[in-house]
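Those protein sequence lines, which keep their order, are chains A and B.
Our numbering puts the last residue of the first sequence at 351; the count rises by one with no breaks.
Our numbering puts the last residue of the second sequence at 1170; the count rises by one with no breaks.
Structure first, then comments.
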Amino acid sequence: MKTFDYVRPASVEEAVAAAAQPGASYLAAGTNILDLMKGGIVGPSRLVDVTHLPGLDAIEDLADGGVRIGALVRNADLAHDRDFARRFPAVAEALLSGASAQLRNAATVGGNLLQRTRCAYFYDVASACNKRDPGAGCDARGGDSRLHAILGWSERCIATHSSDFCVPLVALDAVVEVEGRAGRREIPLEMFYRSPGETPERESVLDPGDMIVAVRLPAEAANFSAHARYLKVRDRTSYAFAVVSAAAALRLTGDKITEARLALGGVAMKPWRAREAEAVLAGARAEPSAFHRAAEAALAGAKPSGDNAFKIELAKRIVVRALTLAAAGTPARLPALPASPFAAVSGVAHV
Amino acid sequence: MGLPNTCFSTTLTINGVTTTIELDDPRVTLLDLLRERLQLTGTKKGCDRGQCGACTIIVDGRRVNSCLALAVSHAGADILTIEGVARGDRLHPVQAAFLAHDGLQCGFCTPGQIMSAIGLIQEGEAGDDPERVREGMSGNLCRCGAYQGITEAVLDAQAVLGAASRKEVA
């Protein structure tokens, strides 16, 4: 690991000033960046440790019925907050389907949003990667591309965004609060990530020094609490990134869908909101034919970026399954294997 | 905030003993601090990348991967390692259960497994469901494949600890 200057700011303003310097990175729990630094994938000259800043670790109910999650709230604390999990069950399920218990105990909300892709070519410094080394090329193209993007990718980059948490967040209209050199601003999560295009090294709309201070969910997001699920297909049942995942949330009147929310994970370099599918579902009966139409709409623009055409069909099936489970109702208790297609609603034992 | 530092003084409480440590390098992880500077080598270095769980310790009551935690960032932390769980010759109930249920073969992952199990039991989310125990222990790999014994040990230790705490209350 390259050495670095360690700075511990006393305020958000000091943090922003320190992190705006060239070569600086923020440090929260470090579960992603320390891994990347050990592998030589990134080598910041300065780490700005924000973990001791006050006031960033609260889960606050807002007067308008929404919730504000401080950037330093740990993944496990958010997922196990009873009131939060009751109101936003798909978010809790996504959190608990990610990483391991040890990592969830450390990893923060802000860090989750800013985690880097797990593309193996990004991680392997001997491989060409436009994200790690702009202009170097992309060895994932034509390489082992089984897990790569099927939506929104470019010739320069076919990596995917690895977060589970962000998938239900984007479906539920989460807003990111950012402090920058020009003060505080708010960015809908749906607009937070850039498409890779010609500049895959630029992953979000953040400018140097910008710091995530909170993520908010609006009051309306809790209207889906009775019918909200996250479903995630992995190469192993636990402690693995998504091959494909989906967050599905419905508001039902009888068997009619009043409003639907759908987002996909593991398919693009951002949590992928499927608004076309939501439009298909609005006003429809909650039944398999509508779910299949929604799945077709969600994946209409998909194309393989390599040896991964199977992910398009898999994503359609995950959409149908997630919508089916959401329509059946949020379980009173999360399954033993959160988000697993091998877990029945009641939490049946996996073989 | 001040200028970037070159030497850091960090106070940690490790297994009940408060120590001030001079760190000459900000790159030192809690894992390397324990093993290389404090000679607490019970905590193991497996992958050093947060994937295997061999380095699991309990920091401020939470199980974490010590390989992905910078020591300098954890000033003031209360740390529990495998060296701190037994009471003299009396094993911690989780240690005793790992022996009773053959929850190990080579033993390299065992300190991490035990610390993770202690954390899991404290979290209180798994109950007596072996599937939830397996899921909760998925951050600890065992290349000997002693998983069945590990799950049984965690369930048994949890029952013992639950009975003990009920006794204390009574």
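Beta carbons: idealized from backbone N, C-alpha and C, even for Gly.
Just so we're clear, the structure is a prediction, and the values are computed from it rather than from any experiment.
Contact of L103 (chain A) with chain B by beta-carbon distance below 9 angstroms involves G1050, V1064, N1065, L1068 and G1139.
Across the structure, T108 (chain A) and N32 (chain A) are spaced so that their CA atoms are roughly 10 angstroms apart. Unbroken beta strand (DSSP E) stretches of 3 residues or longer found wholly inside the stretch 230-313 of chain A: 244-253 and 256-265, given in chain order.
Listed along chain A is no residue with a C-beta nearer than 8 angstroms to that of V1094 (chain B); the closest approach is about 15 angstroms.
Per DSSP, G111 (chain A) lies in no beta strand (DSSP E); the unbroken alpha helix (DSSP H) holding it starts and ends at V109 to L113. Residue A:L103 holds the alpha-carbon nearest to the alpha-carbon of G1053 (chain B) among A:L62, A:A90, A:L314 and A:L103. Taking a beta-carbon distance threshold of 8 angstroms, L78 (chain A) does not count as an interface residue toward chain B. For I59 (chain A), the enclosing beta strand (DSSP E) begins and ends at I59 to D61. For a cut-off of 8 angstroms, the C-beta gap from A90 (chain A) to A247 (chain A) is around 5 angstroms, short enough to register as a contact. Our two residues, S245 (chain A) and L27 (chain A), have alpha carbons roughly 28 angstroms apart in a direct line. Using beta-carbon distances, M211 (chain A) does not count as an interface residue toward chain B, since no partner is under 8 angstroms. Between A106 (chain A) and chain B, the shortest Cβ-Cβ separation is below 8 angstroms. Cα atoms of T1110 (chain B) and A1069 (chain B): separation of roughly 20 angstroms, rounded to the nearest angstrom. Taking 8 angstroms as the cut-off between beta carbons, the residues of the stretch 1020-1037 of chain B near chain A are D1025, P1026, R1027 and T1029, in sequence order.
At a cut-off of 8 angstroms between beta carbons, R1166 (chain B) makes no contact with chain A. Excluding residues up to 5 positions away in sequence, R8 and L27 lie with their Cβ nearer than 6 angstroms to the Cβ of D49 (chain A) in the same chain. Contact between the stretch 165-173 of chain A and the stretch 4-24 of chain A is absent, with fewer than three C-beta pairs closer than 8 angstroms. Rounded to the nearest angstrom, the Cβ distance from Y230 (chain A) to V319 (chain A) is 12 angstroms, too far for a contact under 8 angstroms. Across the set A:N105, A:V215 and A:L206, the C-alpha of A:V215 shows the shortest separation from the C-alpha of L56 (chain A).
Between A297 (chain A) and E1131 (chain B), the gap from beta carbon to beta carbon reaches 8 angstroms or more. Residues are counted here when their Cβ sits less than 7 angstroms from a Cβ of chain B; for the stretch 232-245 of chain A these are S238 and Y239, given in chain order.
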